[in-house]
Every structure is written in structure tokens, then in C-alpha cells.
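Q: Chains as they are written, first to last, in the numbering used here: chain S, 2 to 134; chain H, 2 to 134; chain Z, 2 to 134; chain G, 2 to 134. Using N, Cα and C, we set each Cβ at its ideal position, and we do this for glycine too.
1) Closer than 8 Å, Cβ to any Cβ of chain H: which residues of the segment 7-20 of chain G, in chain order?
2) At which residues does the alpha helix (DSSP H) containing residue 28 of chain Z begin and terminate?
3) Just checking my contact of residue 80 of chain S with residue 2 of chain S at CB under 8 Å: how many whole Å lie between their CB atoms?
4) Measure the alpha-carbon distance for residue 94 of chain G versus residue 83 of chain G and round it to whole angstroms.
5) Determine, using beta carbons only, whether residue 128 of chain Z and residue 85 of chain Z come nearer to each other than 8 Å.
6) Please confirm whether residue 103 of chain Z has its beta-carbon closer than 8 Å to some beta-carbon of chain H.
7) I'd like to know whether the C-beta of residue 34 of chain H is nearer than 8 Å to at least one C-beta of chain Z.
8) Please list the segments of the beta strand (DSSP E) lying wholly inside the segment 67-102 of chain G, counting only runs of 3 or more residues, in order along the chain.
9) What's the gap between the Cα of residue 88 of chain Z and the Cα of residue 30 of chain Z?
10) Would you list the residues sitting across from residue 121 of chain Z in a DSSP beta bridge?
11) Here's the rule: buried if 16 or more other CB atoms are within 10 angstroms of the residue's CB, otherwise exposed. What is residue 53 of chain S?
12) For residue 144 of chain S and chain Z, any beta-carbon pair shorter than 8 Å?
13) Quick one: what's got a C-beta closer than 8 Å to residue 73 of chain S's C-beta in the same chain, skipping five residues either side?
14) Determine, for residue 48 of chain Z, whether the minimum Cβ-Cβ distance to residues of chain H falls below 8 Å.
15) Are three or more beta carbon pairs between the segment 37-53 of chain Z and the segment 34-50 of chain G nearer than 8 Å?
16) Name, going along the chain, the residues of the segment 56-89 of chain H whose beta-carbon falls closer than 8 Å to a beta-carbon of chain S.
17) At which residues does the beta strand (DSSP E) containing residue 12 of chain S begin and terminate?
18) Whose C-beta lies closer than 6 Å to the C-beta of residue 25 of chain G among residues of the same chain, with five residues either side of it excluded?
19) Compare the Cα-Cα distances from residue 119 of chain H to each of H:51, H:69, H:35 and H:56 and report the closest residue.
20) Classify residue 117 of chain G: buried if its beta carbon has 16 or more other beta carbons within 10 angstroms, exposed otherwise.
21) For a contact defined as C-beta to C-beta under 9 Å, what are the partners of residue 42 of chain G on chain S?
22) Could you run through the segment 20-31 of chain S and flag, in chain order, every residue whose CB is less than 9 Å away from some CB of chain G?
23) Does DSSP put residue 20 of chain H in a helix, a strand or coil?
24) Apart from the five residues on each side of it in sequence, which residues of its chain come closer than 7 Å, Cβ to Cβ, to residue 28 of chain S?
25) Which value, in whole angstroms, describes the spacing of the CA atoms of residue 108 of chain H and residue 115 of chain H?
26) Tell me whether the beta-carbon of residue 48 of chain S lies closer than 8 Å to the beta-carbon of residue 32 of chain S.
27) Give every residue of the same chain whose Cβ lies closer than 7 Å to the Cβ of residue 71 of chain H, excluding the five residues on either side of it in the sequence, and list them in chain order.
28) In whole angstroms, give me the CA-to-CA distance for residue 9 of chain S and residue 126 of chain Z.
29) Look at residue 67 of chain G and residue 113 of chain G and say whether their C-beta atoms are less than 8 Å apart.
30) Assuming residue 69 of chain S and residue 104 of chain S make a contact with CB atoms under 8 Å, what is their CB distance in whole Å?
31) Just to confirm, is the Cβ distance from residue 90 of chain H to residue 124 of chain H under 8 Å?
32) What does the alpha-carbon distance come out to for the pair residue 98 of chain G and residue 6 of chain G?
This is the structure in C-alpha cells:
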């Protein structure tokens with residue numbers, strides 16, 4: 002993935018699979034979120050602490066394309082890149098690909114904003130993460 | 002919602018809320034899915050049976066916009082409309098709005114396809130649901 | 002159920018079912034928790050507020066017996082009774098039974114304690130709920 | 002843990018935490034299940050395949066004691082031992098302990114049975130796993 006700045010390994014857990022025997026589409030958002038939070042920790046940010054303060058990161062938009070179904074026991078890699086969009090939006094591009102054949106499983110574009118006291122908060126402080134990295 | 006053909010009532014359950022005290026963004030996909038499956042049952046389709054046969058409905062794309070955070074105990078309504086897009090795609094438009102003030106909580110556009118023996122299966126059989134309704 | 006003081010209706014949602022096509026055993030704990038929290042609200046307590054204060058209700062022990070598997074679309078009733086055990090423990094007895102034939106699905110005994118500043122807090126304030134009821 | 006025959010490393014994911022900021026008690030059953038299924042794979046069994054055949058492993062009883070709360074980012078180890086109880090029951094003893102200080106987080110006793118065509122199936126075939134190990 003072009004501009005990938007972080008990767009995280011995953012393995013499907015059986016409880017994540019549904020009646021169809023594949024990972025339920027909602028679970029992918031868990032994978033994407035966990036990847037972002039681990040990325041943030043890797044650059045010294047902590048989601049739990051950020052939330053304990055008054056500055057709330059919120060997902061504003063999530064766009065996911067599902068290409069191949071993940072099955073019980075599948076190992077896959079989650080990677081991300083990040084950019085800003087205007088004063089308030091941060092965009093994450095996130096891919097999952099299967100380990101054994103590098104096939105793309107799913108792609109996501111996640112738009113985040115920051116909210117303090119019910120108002121949007123400029124994302125510049127956050128984007129500086131990119132430069133630190 | 003224009004063209005709404007089905008509504009379902011929900012109430013937030015505490016275990017759906019995360020560290021921030023609001024419903025985690027992945028859970029919305031559960032709400033949207035449950036609404037679609039209940040809609041299907043209401044017109045005589047059964048997701049579990051469909052899957053037990055060889056015809057697999059799959060989410061191909063999910064686009065969600067989050068507008069207001071759902072909190073512990075919030076009551077909300079989930080509604081949907083449905084249309085086709087070409088030979089294979091079925092598009093669901095889904096809204097959640099809060100019961101007490103009719104505020105839109107989230108909007109989704111969910112694209113589904115049908116797969117039989119690893120091949121796309123025309124969606125015409127499915128769209129006829131609309132006409133039955 | 003002897004001494005039942007609260008009941009709540011549920012319907013299985015497909016995303017709660019796993020590869021076996023039945024509700025995953027972990028999800029039952031969600032059902033039990035949601036029932037307790039709705040019960041608490043019904044007597045004027047609020048779990049989210051309790052937590053926002055410094056008094057944390059914690060599950061200390063959970064004992065669940067699974068008798069019949071819940072399947073896609075099953076409707077069931079969740080009921081509970083409550084008692085104290087010593088100075089600190091509150092015991093919930095919780096049953097799920099299927100609506101159509103009143104068959105017991107699962108039984109649970111949930112032991113809760115209250116923690117304030119890392120110390121156990123006497124449960125008397127909580128047990129008074131019973132009397133109010 | 003006496004008689005431990007398998008261990009698996011975990012790290013708490015933020016979406017597993019609830020309003021209290023700790024891992025929700027239902028999620029522990031996910032951890033316990035995933036550990037058992039990984040153990041089974043390690044001895045050549047596959048839960049998904051077992052289920053695809055007609056032989057259904059079912060949790061009959063789950064008894065969990067929660068000792069310390071898991072928090073965002075905590076790393077912990079899940080370990081298990083296994084034994085039989087009579088002709089039909091298999092008992093798993095499962096512990097979770099925190100990596101940094103070896104504190105016990107939770108203990109579980111999980112009783113499983115096997116069902117084929119709605120009847121209990123003797124567990125001897127399964128217990129032989131132990132001897133293979």
C-alpha cells in the first residue's frame with residue numbers, strides 16, 4: 002500500500018465468524034479501529050487517555066469495500082496511511098490483505114474528526130504525528 | 002426517509018458502548034444488518050435459510066456517515082429503502098434517527114451482491130421483494 | 002421463575018449467531034447484563050451514571066448453564082431475581098426461556114460486588130432496591 | 002497453572018472495553034473460546050470442520066471468576082488444562098494472567114459436551130487429544 006506507515010498482524014478468531022462461516026462485516030470495523038489505536042500508541046498517543054481528557058476523536062465517515070471473505074483461522078495484515086483534509090478532517094486509508102497470498106481482503110477510508118465541548122477541534126495537532134513518524 | 006419501506010425500533014444496550022461512553026462505530030453495522038434481515042423476514046425471506054442454501058448474500062460495500070453519537074439507553078428507529086444498480090448490485094439506504102427528537106444519528110448506503118459457487122448471481126429475484134411489498 | 006422481579010423480551014439477531022448457526026455462548030452474558038441494567042433503570046438506578054460516579058459495580062462471578070441453543074429469530078424472555086450474600090455480595094439469578102414453548106434456554110447466577118477507590122463497598126444501598134420494588 | 006498444556010498471548014483491544022473503561026465481562030468468554038479453539042488446532046482438530054460435520058461441540062456450563070479488571074492495552078496470557086468427567090463431559094480449566102506482574106485476571110471452568118443428531122456423544126475421542134499432546 003502506497004504510503005503505508007504502520008502494519009499490524011491479525012488472525013481470525015472463530016467467534017468473529019457468523020452463520021455464513023465468514024467474518025461478519027461489522028467485525029472489520031473492529032480490526033480497522035484496533036489498527037488505528039495501535040498506530041497511535043506507536044507514536045506516543047493513547048486513545049484511552051485522549052478520551053479521558055476532553056478531546057474526543059470521532060469517526061465521522063466509514064467507507065469499506067469487501068473483496069474477499071475472511072474465514073476461520075485466516076492470518077492477515079492490516080496497514081494504514083494517513084492524511085488531512087481541510088482544517089478538521091483526518092483521513093485514514095486502511096487495507097487488509099491475506100498473509101498467504103497477499104490478496105486484498107478489504108479496503109477502508111475512515112474520516113475522523115475531533116470534538117471538544119461539542120465543537121469541532123482543528124486536527125493539526127494530530128497530523129503532526131505523521132511528521133514525527 | 003424518502004421511499005422508506007421498513008422500520009425497526011431499537012434501544013441502545015450498555016454493552017454496545019465503549020470507553021467513550023457512546024455506541025462503538027462498529028455496532029452500527031450490527032444495527033443496519035439486523036434491520037435488513039428483519040425486513041427480509043417481513044417479506045418472506047430468511048437470511049439463515051438463504052445461507053443454508055448455496056446462495057450467499059454478501060455485503061460488497063458499506064458507507065456510513067455518523068452524525069450524532071448514540072448513548073446508553075437511547076431509543077432510535079432504523080429505516081430502510083432499497084433499489085437495484087445494474088444486474089448484480091442491490092443498494093440499501095438506511096437511516097437511524099433518535100426517537101425523542103427525530104434527529105438523524107447515522108446514514109448508510111449498503112451495497113449487496115449474491116454469490117453462488119464463487120460467481121456473482123443476478124439480483125433480479127431479490128428485487129422482486131420490493132414489488133411484493 | 003420463583004421470586005422473579007423483572008422480565009425483558011428479546012429476539013435473537015443474526016449477528017449474534019456463530020459458525021454453528023446458534024447464538025455464541027459469550028452473547029448470553031450480553032443478554033444477562035442488558036437485563037440487569039434495564040432492571041436497574043426500572044427502579045431508578047442508572048448503570049452509566051453509577052459508573053460516572055466513583056462507585057463501580059463489578060461482576061465477580063458468573064455461572065451459566067446452557068440448556069437449549071438459541072437460533073436465528075428465536076424470541077425469548079429474560080427474567081431475574083436478586084438477593085444479597087453477606088455484606089458485599091449481590092446475587093442475581095437469571096433465566097432465559099423461549100417464548101413459543103416456555104423451554105428454559107439458560108440459567109445464570111451472577112455475583113456482583115461494588116468497588117470504590119479499589120475497596121469493596123457494602124451492598125446494602127443496592128439491596129434496598131428490592132424493597133422499593 | 003498446574004497441568005497447563007497450552008498458552009496463548011493476548012492484548013486487550015479498545016473496542017473490547019465498555020463504559021467503565023475495562024474489558025466487558027462477556028468478552029472474557031471470547032478469550033476463553035479462542036484459546037480452546039487454538040489449542041484444538043494445535044493438536045490437529047479444527048472447530049470449523051468439526052461443526053461442518055455433524056458433531057457439535059457445545060458449551061454446557063461456564064463458571065468464571067473475575068479477579069482483576071483488564072484495561073486498554075493490557076497484555077495477558079491465557080492458559081488451559083483439560084480433563085474428562087464421566088462419559089460425556091470434558092472440563093477445561095482456563096486462567097488468564099497479566100503479563101507484567103503475573104497477576105491472575107480471571108479463572109474459568111468450562112464444561113463441554115458433544116452433540117450428534119440431538120443426542121450426547123461420548124467424549125472419549127476428544128480426550129485422546131490429551132494423550133497425543
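A: Taking the geometry as given:
1) 15, 16, 18, 19 and 20
2) 28-43
3) 5 Å
4) 6 Å
5) yes
6) No - not a single Cβ of chain H is within 8 Å of the one on residue 103 of chain Z.
7) yes
8) 76-86 and 90-99
9) 25 Å
10) Z:116
11) Exposed is the label assigned to residue 53 of chain S, since fewer than 16 other Cβ atoms lie within 10 Å of its Cβ.
12) No statement about residue 144 of chain S is possible, as the shown extent of chain S runs from 2 to 134 and does not include it.
13) 13, 15, 18 and 22
14) The C-beta of residue 48 of chain Z comes closer than 8 Å to at least one C-beta of chain H.
15) no
16) Taking 8 Å as the Cβ-Cβ cut-off against chain S, the residues of the segment 56-89 of chain H that qualify are 57, 59, 60, 61, 62, 63, 64, 65, 66, 67 and 70.
17) 7-12
18) 19
19) When only C-alpha atoms are compared, the closest one is H:56.
20) By the neighbour-count rule (16 or more Cβ atoms within 10 Å), residue 117 of chain G is not buried but exposed.
21) 74
22) 22, 30 and 31
23) coil
24) Contacts found: 17.
25) Cα to Cα, residue 108 of chain H sits roughly 23 Å from residue 115 of chain H.
26) no
27) Cβ-Cβ distances below 7 Å link residue 71 of chain H to 13, 23, 24, 77 and 106 in the same chain, with the five nearest sequence neighbours on each side left out; the list follows chain order.
28) 46 Å
29) no
30) 6 Å
31) yes
32) 15 Å
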